[in-house]
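In my numbering, the protein residues as written are 20 to 448. Ideal Cβ positions, reconstructed from N, Cα and C, are used throughout, including at glycine. No experiment lies behind these values; they were computed from the predicted model shown.
Structure, rendered in structure tokens:
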């Protein structure tokens, strides 16, 4: 990892840039896939499954029998871990439920807001380099809590085979519709529908650059998406109190996602940075996904800043998906965080805890989108519909104000809608 010492602010944008793919090629291919699926449905899905994922099966839908049998293929220890994760995720997201509060804004005028579930949601679950059944928990649990009527899952299959842990998790959560298709073609299927897959109202889930671009393109056509979540990333602030082995492990845990992931280390101590780099080199020798880590680390960064204020200004400019504050003063320092998807405080809060078990959602904004986007929550699966009711006395009290504002905007019919009620009410009196 290259080390930068207190770079000038003018250089931050360039130094904090994410790994760049050939987006023109990605855009062109994503558009081609979307159009093919839109026009040719299941036939296109099967063709892309063969050319991109290497299998030729006709059966896109995972059968009920396959879902049930998956339980026999998952070890008890993993089943227990999934149960713990499900419980914690459910506790955290259930607490986000809002009660309806009716507010009297003026005499005779009552307003309130109600959460109404999105009827049909599509969950994209990556399964290329690793079967991310944890993402299924993160998306399906709040979808169920929100009351979504139908949950559709798409995940890539290898040789007509979906990982048993994925199927077991789906079965555990009561999901019946799991389809064996991934990539941009899965996004197209959920957006436009095919003979097998009915279109959904909103698409969730992270993915590679093709998936991210496909989501953005269908969003432009009117299909809602959670956020433009792409390759994973982590930034770590480490001070003199940090354990270099812990920090190194956290950086490597994100680097193993693949070559398009990025890790960033920020400190006010060059000594700490060097110790972390040494620990990373030592630990990576013992880990199996060494190739993926090396590719990611090659395009990652270390920054030695003059002070904590500048360090967190840099981190806020980066707006990381995950931010770890490895410090005895983590809670105090977290007050300087403005832009981040999810924050992990202290020496015993690894990012992998949030990925799996703590309860917070791991579907988070990447590529700097944390400056404007939040991670997935219960709110992501509902619409907030506002209601209002005015009594006769209520409209009487505000009719003249409505009229004055409508006159100022040159909208006489708006004024009439209020004044006609006032006139009839006056006649009755």
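- Sequence-distant Cβ neighbours of residue 260 in its own chain, meaning closer than 6 Å and more than five residues away, are 346 and 347.
- In this structure, residue 197 places its C-beta atom within 9 Å of the C-beta atom of residue 181.
- Taking C-beta atoms as the reference points, residue 442 and residue 133 fail to come closer than 9 Å.
- With contacts defined as CB atoms closer than 9 Å, residue 373 and residue 388 fail to qualify as a contacting pair.
- With contacts defined as CB atoms closer than 9 Å, residue 175 and residue 385 fail to qualify as a contacting pair.
- The Cβ-Cβ distance between residue 342 and residue 356 falls below 9 Å.
- Along the stretch 124 to 178, the alpha helix (DSSP H) occurs as fully enclosed runs of 4 or more residues at 152 to 165, listed in sequence order.
- The continuous stretches of alpha helix (DSSP H) do not include residue 385, and DSSP gives it neither H nor E.
- Here the stretch 306 to 319 makes no contact with the stretch 68 to 83; the two share fewer than three CB pairs at distances below 8 Å.
- Assignment of residue 196 by DSSP, reduced to helix, strand and coil, places it in the strand class.
- In the DSSP assignment, residue 256 falls within the unbroken beta strand (DSSP E) covering 252 to 257.
- Residue 438 and residue 429 have their alpha carbons spaced roughly 15 Å apart.
- Per the C-alpha coordinates, the member of 297, 328 and 110 positioned closest to residue 270 is 297.
- Non-local beta-carbon contacts of residue 120 in its own chain, meaning distances under 7 Å to residues more than five positions away in sequence, involve 131 in chain order.
- With respect to the 9 Å criterion, residue 236 and residue 255 are not classified as neighbours on the basis of their beta carbons.
- DSSP places residue 276 in the coil class of the three-state scheme, outside both helix and strand.
- The stretch 186 to 194 makes no contact with the stretch 110 to 129: fewer than 3 CB pairs, one atom from each, lie closer than 8 Å.
- As a beta-bridge residue in DSSP terms, residue 321 pairs with 22 and 284.
- Our two residues, residue 206 and residue 431, have alpha carbons roughly 46 Å apart in a direct line.
- The beta carbon of residue 294 is closer than 7 Å to those of 263 in its chain, skipping five residues each way along the sequence.
- The count of Cβ pairs closer than 8 Å, one atom from the stretch 207 to 214 and one from the stretch 54 to 74, reaches three, so the stretches are in contact.
- Taken through DSSP and simplified to helix, strand or coil, residue 292 comes out as helix.
- For the set 244, 232 and 184, the Cα lying nearest the Cα of residue 222 is the one of 244.
- Comparing alpha-carbon positions, the option among 302, 325, 267 and 276 lying closest to residue 289 turns out to be 325.
- The three-state reading of DSSP puts residue 357 in coil, since its state is none of H, G, I, E or B.
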